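From first to last, the protein sequence lines are chains A and B. The first sequence lines up with residues -18 to 271 when you count with my numbering. The second sequence lines up with residues 194 to 545 when you count with my numbering. Heads up, the beta-carbon is just placed ideally off N, CA and C, and yes, glycines get one too. What you are looking at is a predicted structure, and each value in this text was computed from that prediction instead of being measured.
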Amino acid sequence: MKAQSRTLLEVEGLNIRYPTPRGAVEAVRNVSFTLGREKLGIVGESGSGKTQTGRAILRLTETHARVRADKLHFDGIDLLAANEQTMRRIRGRRISMIMQDPKYSLNPVMSVGEQIAEVFRVHSGAPARKARRRAVEMLDSVRIRDPERVYRAYPHEVSGGMGQRIMIAMMMTPNPDIIIADEPTSALDVTVQLQVLALLDDMVSDNGMGLIFISHDLELVASFCDRVVVMYAGQVVEVVDAGALHQARHPYTRGLLNCLPRIGTHGRDLPVLQRRSSWAAGISPRNRHA
Amino acid sequence: MPERAEAESGSGPTPLSALSTVAGSLLTIASTFIGLTAVTFVIGRVMPVDPVLAIVGDRASQDVYDRVFLELGLDRPLYEQYWRYLMQLFRGDFGTSIMTAQPVLQDLIRFFPATLELATLATLVGVLAGVPLGVVAAVRQGRLTDHLVRIFGLFGYSVPIFWLGMVALLIFYGALGWLPGPGRIEVYYDGIVAPVTGFIVIDAAYAGEWEIVRNALSHLVLPVAILSTYALAYIARMTRSFMLDQLRQEYMLTARVKGLSERAVIWRHAFRNVLVQLITIIGLTYASLLEGSVLTETIFAWPGIGQYITHSLFNSDMNAVLGGTIVVGISFVGINMLSDLLYKMVDPRARA
């Protein structure tokens, strides 16, 4: 069933702009990258356009956003030209997304199980009993003890780490080709972060999925992903192999790496991150600090 | 073996917590009831009206006046009078109305169904039309549908009900003659069906008098339309703003990522959250309509509880006023408890 081609997703010249009464805001400018069955990290500071890029792939940017691209192809499907019905079949089933904070991304008045079973029912039209069994299996597969009980629980009754496991279970249910994880561990505390990352890693590797891992944490992305896209002010400034990140050449990437504190080198003042407007050449001035 | 996440301690409803909920609400009812009767009773006694005079009239001799004064127990201290009144209430004795010369309880049984009928139908119309309108307006925010709903909402909420009622009567009864005028039923049908439930439509249907059913229904149209204009406008406005709130939430993005249709996203995901807040609004609307809309009942000569209380008040008929107030209070508390219960059914966070 899975596509045989190496490349799953091709993004070329992606532009996202938001018209506002005081002129258009260019959230994403001319972003290009490709994704195979690999783990691709997108890093950048807040407002660099990484989240918008992820949402544009699912065509779920805000309704007033203007999304253009020379090419936005998934497995031979032109995502920008596809109709809403095609998109609905792609969403969840073939491309999924995990959001930052399960406290907000889970529906507070629906039970956990109902929310997971729903995905299965929508995409395979399975009867309720089968969907239920499958949802419990999924909860078990994300290493939740007592999945039957969690199935009946409501989002406010579970912890953040558990919530994110539930989110992962939900998004993995239809076994998609691509998972977009948008800061999936930023809302969790450090020990739980590692558990959730390990889980995500296993699930992606076991199922041979493509992963887009969006984060502001350069070290995390470098240790977790195969390749890293560095974004700044809505543009891609550099694409490097994760292993070679420390040899990155672009001054912005270097700057990001340099301002990380290191254990054992106390007493050193961390350098202030330099931002040059020339890196975002051609962008109207008001977006540089966007 | 990879580590596993442990579920938080369970929080299902236990029999004990259910029991304490019931006990808690009973306590609420009791204290509300005591407070309500105390306040109305005291107000009734300190008001500058003479209950004796209201009964005997101003041409009675001093002897008669004094006898009635003692019979009513007005020589006793206030707290004793209140206690006696409470004891009476527990026996189901609301006293006798001066105005109708009937036990107040019987009056209430006669008048309250008329209000209940209007309020229930108006709330029903308000919910059935107002909720979808509000949802559609929120989903199409800023577009024509939204503007129309908002204009109607503003109109329904701010236009004086007595004006609307009179204009409606003028047009549909006076000019066009499409609908009957004031009253619950045409005079010549009055008293034909024996009151069983007090709802003429139901009683007539029960008796098989379809002519009367039709007539009673046609009498309902205008007052229900007028009352529901307000309910509908309010409910639509609130639904719209609750919905707009929910549309911004992140779980909506999750629902869309899952590949759900827009209808499922709105009605299954967002609406269930809206419903939580709507329950309170609908409950309050219904309760305030149950108080009896004096204006509507006056314009349409509708023999409801609002009219009953107002008339009693004008005639210093304090037993009737107290009885009416208690009925209104009880229905208020009852509806609040019902919406609390529904709230807990819809919102898992409220069950803790």
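Report task. Taking the CB atoms as reference points, tell me whether residue 100 (chain A) and residue 73 (chain A) lie closer together than 8 Å. Result -> Here the question's residue 100 (chain A) lines up with position 119 in the first sequence. Here the question's residue 73 (chain A) lines up with position 92 in the first sequence. In contact: residue 100 (chain A) and residue 73 (chain A) (Cβ atoms closer than 8 Å).
Query - Cβ neighbours of residue 419 (chain B) in the same chain (closer than 7 Å, five flanking residues each side left out) - result: The residue given as residue 419 (chain B) occupies position 226 in the second sequence. Cβ neighbours of residue 419 (chain B) within its own chain (closer than 7 Å, five residues either side excluded): 354, 357, 358, 361 and 489.
Query raised in the report: Roughly how many whole angstroms lie between the Cα atoms of residue 371 (chain B) and residue 137 (chain A)?
Result: As a first step, residue 371 (chain B) must be located in the second sequence, where it is residue number 178. As a first step, residue 137 (chain A) must be located in the first sequence, where it is residue number 156. Rounded to whole angstroms, residue 371 (chain B) to residue 137 (chain A) spans 55 Å at the Cα level.
**Report entry** Distance, residue 425 (chain B) Cα to residue 541 (chain B) Cα
**Finding:** Sequence index remark: in the second sequence, residue 541 (chain B) carries index 348 (1-based). Sequence index remark: in the second sequence, residue 425 (chain B) carries index 232 (1-based). Each residue's alpha carbon lies about 28 Å from the other.
Requested in this report: With DSSP collapsed to three states, give me the class of residue 29 (chain A).
Outcome: Counting from one through the first sequence, the residue named residue 29 (chain A) turns up at place 48. Reduced to three states, the DSSP call for residue 29 (chain A) is coil.
Query raised in the report: What are the start and end residues of the beta strand (DSSP E) that includes residue 297 (chain A)?
Result: Nothing about residue 297 (chain A) can be reported from this structure: the residues present for chain A run from -18 to 271 only.
Report task. Using 7 Å as the cut-off, classify the Cβ of residue 94 (chain A) as near or not near the heavy atoms of the ligand PLP, replying yes or no. Result -> The ligand PLP is absent from the structure shown, which contains no ligands of any kind.
Report task. Output, in chain order, the set of chain B residues within a Cβ distance shorter than 7 Å of residue 239 (chain A). Result -> Translated into positions along the first sequence, residue 239 (chain A) becomes position 258. What residue 239 (chain A) touches in chain B: nothing, since even the nearest Cβ is about 34 Å away.
Requested in this report: Going by CA-CA distance only, name the one from A:24, A:-11, A:104 and A:79 that's closest to residue 60 (chain A).
Outcome: Position 79 of the first sequence, counting from 1, holds the residue named residue 60 (chain A). The option with the nearest alpha carbon to residue 60 (chain A) is A:-11.
Query raised in the report: In the DSSP assignment, what residue or residues form a beta bridge with residue 388 (chain B)?
Result: Taking the second sequence and counting its residues from 1, one reaches residue 388 (chain B) at position 195. Paired residue(s): none; residue 388 (chain B) is not in a bridge.
Query raised in the report: What are the start and end residues of the beta strand (DSSP E) that includes residue 163 (chain A)?
Result: As a working note, residue 163 (chain A) is residue 182 in the first sequence. Per DSSP, residue 163 (chain A) is one residue of the beta strand (DSSP E) stretching across 159 to 163.
Report task. With distances taken Cα to Cα, identify the nearest neighbour of residue 307 (chain B) among B:410, B:258, B:228 and B:339. Result -> On the second sequence, position 114 is the one that residue 307 (chain B) refers to. Nearest option by C-alpha distance: B:410.
Report task. Could you list the residues in the segment 433 to 457 of chain B with a C-beta less than 9 Å from some C-beta on chain A, going in chain order? Result -> If the cut-off is 9 Å between Cβ atoms, the segment 433 to 457 of chain B has 442, 443, 444, 445, 446, 447, 448, 449, 450, 451, 452, 453, 454, 455 and 457 near chain A.
Query raised in the report: Apart from the five residues on each side of it in sequence, which residues of its chain come closer than 6 Å, Cβ to Cβ, to residue 476 (chain B)?
Result: Locating residue 476 (chain B) in the second sequence gives position 283, where the first residue counts as 1. Result list for residue 476 (chain B): 528 and 532, in chain order.
Report task. Tell me the start and end of each unbroken alpha helix (DSSP H) in the segment 205 to 241 of chain A that is at least 4 residues and wholly inside, in chain order. Result -> Entirely contained in the segment 205 to 241 of chain A, the alpha helix (DSSP H) runs reaching 4 residues are, in chain order, 232 to 239.
Requested in this report: Just tell me which of B:432, B:421, B:466 and B:429 has its CA closest to the CA of residue 442 (chain B).
Outcome: Within the second sequence, the letter at position 249 stands for residue 442 (chain B). The alpha carbon of residue 442 (chain B) has as its nearest neighbour, out of B:432, B:421, B:466 and B:429, the alpha carbon of B:466.
Query raised in the report: In this structure, does DSSP put residue 192 (chain A) in helix, strand or coil?
Result: For this step, residue 192 (chain A) is matched to residue 211 along the first sequence. Residue 192 (chain A) sits in a strand when the DSSP states are folded into three classes.
Report task. Could you tell me the distance, in whole angstroms, from the CA atom of residue 451 (chain B) to the CA atom of residue 327 (chain B)? Result -> Within the second sequence, numbered from 1, the residue matching residue 451 (chain B) stands at position 258. Within the second sequence, numbered from 1, the residue matching residue 327 (chain B) stands at position 134. Distance between the alpha carbons of residue 451 (chain B) and residue 327 (chain B) is about 25 Å.
Query - Closer than 7 Å at the beta carbon, the chain A residues around residue 540 (chain B) - result: Taking the first residue of the second sequence as position 1, residue 540 (chain B) is located at position 347. Per Cβ cutoff of 7 Å: 90.
Query raised in the report: Would DSSP call residue 254 (chain A) helix, strand or coil?
Result: Stepping through the first sequence from its first residue, residue 254 (chain A) is reached at position 273. It is coil, neither helix nor strand.
Requested in this report: State yes or no: is the C-beta of residue 430 (chain B) within less than 8 Å of the C-beta of residue 516 (chain B)?
Outcome: By 1-based counting over the second sequence, the position of residue 430 (chain B) is 237. By 1-based counting over the second sequence, the position of residue 516 (chain B) is 323. No, they are not a contact pair.
Query raised in the report: What are the partner residues of residue 325 (chain B), as DSSP defines its beta bridges?
Result: For the purposes of this step, residue 325 (chain B) is identified with residue 132 of the second sequence, where counting begins at 1. In the DSSP assignment, no residue is bridged to residue 325 (chain B).
Report task. Quick one: which residues of the segment -5 to 7 of chain A get their C-beta closer than 8 Å to a C-beta of chain B? List them in chain order. Result -> The residues in question: there are none.
Report task. Give the residues of chain B in contact with residue 100 (chain A), contact being defined as C-beta atoms less than 7 Å apart. Result -> As a working note, residue 100 (chain A) is residue 119 in the first sequence. Correct list: 451.
**Report entry** Where residue 310 (chain B) falls, given that 16 or more other Cβ within 10 Å makes a residue buried
**Finding:** Along the second sequence, one-based indexing puts residue 310 (chain B) at 117. With 16 or more neighbouring CB atoms inside 10 Å of its own CB, residue 310 (chain B) falls in the buried class.
Report task. Would you grab the beta carbon distance between residue 162 (chain A) and residue 175 (chain A) for me? Rounded to a whole angstrom, and I think it's under 8 Å. Result -> In the first sequence, residue 162 (chain A) corresponds to position 181, counting from 1. In the first sequence, residue 175 (chain A) corresponds to position 194, counting from 1. Contact doesn't hold; Cβ gap of about 15 Å is too wide.
Query raised in the report: Any C-beta of chain A sitting closer than 8 Å to the C-beta of residue 284 (chain B)?
Result: Sequence index remark: in the second sequence, residue 284 (chain B) carries index 91 (1-based). Taking CB atoms only, residue 284 (chain B) has no neighbour in chain A less than 8 Å away.
Query - Residues of the segment 459 to 471 of chain B with Cβ closer than 7 Å to any Cβ of chain A, in chain order - result: Going along the segment 459 to 471 of chain B in chain order, one finds 462, 465, 466 and 469 with a Cβ nearer than 7 Å to chain A.
Query raised in the report: At least one CB of chain B closer than 8 Å to the CB of residue 45 (chain A): is that the case?
Result: Residue 45 (chain A) sits at position 64 when you count from the first residue of the first sequence. Output row for residue 45 (chain A): interface = no.
Query - C-alpha distance - residue 167 (chain B) paired with residue 266 (chain B), whole-angstrom precision - result: Any question about residue 167 (chain B) goes unanswered here, given that chain B covers just 194 to 545.
Query raised in the report: Based on the DSSP secondary-structure assignment, which residues constitute the bridge partners of residue 12 (chain A)?
Result: As a working mapping, residue 12 (chain A) is identified with position 31 in the first sequence. Bridge partners of residue 12 (chain A): A:-5.
Query - Sequence-distant residues of its chain with Cβ nearer than 6 Å to residue 536 (chain B) (five each side left out) - result: Your numbering for residue 536 (chain B) matches position 343 in the second sequence. Setting aside the 5 residues that flank it on each side, residue 536 (chain B) is surrounded in the same chain by 472 and 543, each with a C-beta closer than 6 Å to its C-beta; the list follows chain order.
Requested in this report: Would you kindly report the start and end of the unbroken alpha helix (DSSP H) that includes residue 55 (chain A)?
Outcome: In the first sequence, residue 55 (chain A) corresponds to position 74, counting from 1. Segment 52 to 55 is the beta strand (DSSP E) holding residue 55 (chain A); no alpha helix (DSSP H) there.
Report task. May I ask you to verify whether the segment 198 to 209 of chain A touches the segment 16 to 33 of chain A, counting CB pairs closer than 8 Å and requiring at least 3? Result -> Three or more pairs of CB atoms, one per stretch, sit closer than 8 Å, so the segment 198 to 209 of chain A contacts the segment 16 to 33 of chain A.
Query raised in the report: Which residues does DSSP pair with residue 78 (chain A) in a beta bridge?
Result: The sequence position of residue 78 (chain A) within the first sequence is 97, counting from 1. The partner list for residue 78 (chain A) (beta bridge, DSSP) reads A:161.
**Report entry** Beta carbon proximity, residue 122 (chain A) to chain B, threshold 8 Å
**Finding:** If you number the first sequence from 1, residue 122 (chain A) lands on position 141. No Cβ of chain B is located within less than 8 Å of the beta carbon of residue 122 (chain A).
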